[in-house]
Each structure stands twice: as structure tokens, then as C-alpha cells.
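>
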């Protein structure tokens, strides 16, 4: 069972309390009506699929209902950190020092 820390509630709870909401820090198009079909395909469907640390969005569905971001290692499934939506990305080098 995965345990996830909600940075708003300050609680660490089972994964069943949360919903995965995709890759974090996706930049939205400034001019949506000016996008080509290929640009929309890229924006809607093409996401990073790294082996290792990955920035993700999650929602505390059965708690505060708020979205937050997390860094999760896709190899071990371990959450390296969680942080509030709108906060800058944490530096990966400081999070992965102990993993090597």
C-alpha cells in the first residue's frame, strides 16, 4: 500500500484517499484557439514517462479535496516529497541523494 502525505491536511494516508491527476507542471497554451491539431495532440496526450523521479499531480479526494504536486520514483513507487499546488518544483538532486 502506498502512503501519501497531503501538504494541506498535514496527514499521511493510504493511496485510496487520493486520485492521481496526471503529470504536474504542464504548461497550458496561451492562445488555445491558435493551436494546430498536432499541438493539441501534444498538449493533451503526450506526457513524460521517466524511469525514476517524476513530477505528478494528486487530489486528496476523501479529505480536503485539494490538488497538490508530488515527486514519485516510478521504479520504487516511493514518494520523495509532496508540495502545494503553485509552489515551485523541488530540486531533484536534493531529493535523490539518498537513493543512489
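Numbering (this note's numbering), first residue to last: 417 to 516.
Even for Gly, the Cβ is constructed at its ideal location relative to N, Cα and C.
What you are looking at is a predicted structure, and each value in this text was computed from that prediction instead of being measured.
Could you pull out every residue in the same chain whose Cβ sits closer than 8 Å to the Cβ of residue 494, ignoring the five residues on either side in sequence?
Within the chain shown, numbered from 1, the residue matching residue 494 stands at position 78. Taken in chain order, the residues that qualify are 488.
> How many angstroms separate the CA atom of residue 486 from the CA atom of residue 449?
Start at 1 with the first residue of the chain shown, and residue 486 comes out as number 70. Start at 1 with the first residue of the chain shown, and residue 449 comes out as number 33. So the alpha carbons of these two residues sit roughly 31 Å apart.
> DSSP has residue 474 in a bridge; who is on the other side?
The count along the chain shown starts at 1 and reaches residue 474 at position 58. Looking at the DSSP assignment, residue 474 forms a beta bridge with 436 and 484.
> Would you kindly work out how many angstroms separate the C-alpha atoms of residue 383 and residue 425, rounded to a whole number?
An answer regarding residue 383 cannot be provided, because it is not within the stretch 417 to 516 covered by the chain.
> Return the CA-CA distance between residue 483 and residue 501, expressed in angstroms with no decimal places.
Locating residue 483 in the chain shown gives position 67, where the first residue counts as 1. Locating residue 501 in the chain shown gives position 85, where the first residue counts as 1. Distance between the alpha carbons of residue 483 and residue 501: 6 Å.
> Which of helix, strand or coil does DSSP assign to residue 507?
By one-based count along the chain shown, residue 507 stands at place 91. It is coil, neither helix nor strand.
> Do residue 475 and residue 439 have their beta-carbon atoms positioned less than 9 Å apart in this structure?
Your numbering for residue 439 matches position 23 in the chain shown. Your numbering for residue 475 matches position 59 in the chain shown. Cβ distance not < 9 Å, so residue 439 and residue 475 don't count as in contact.
> When we look at the beta-carbon of residue 498 and count the other beta-carbons within 10 Å, is it buried (16 or more) or exposed?
Translated into the one-based positions of the chain shown, residue 498 becomes position 82. Result: buried.
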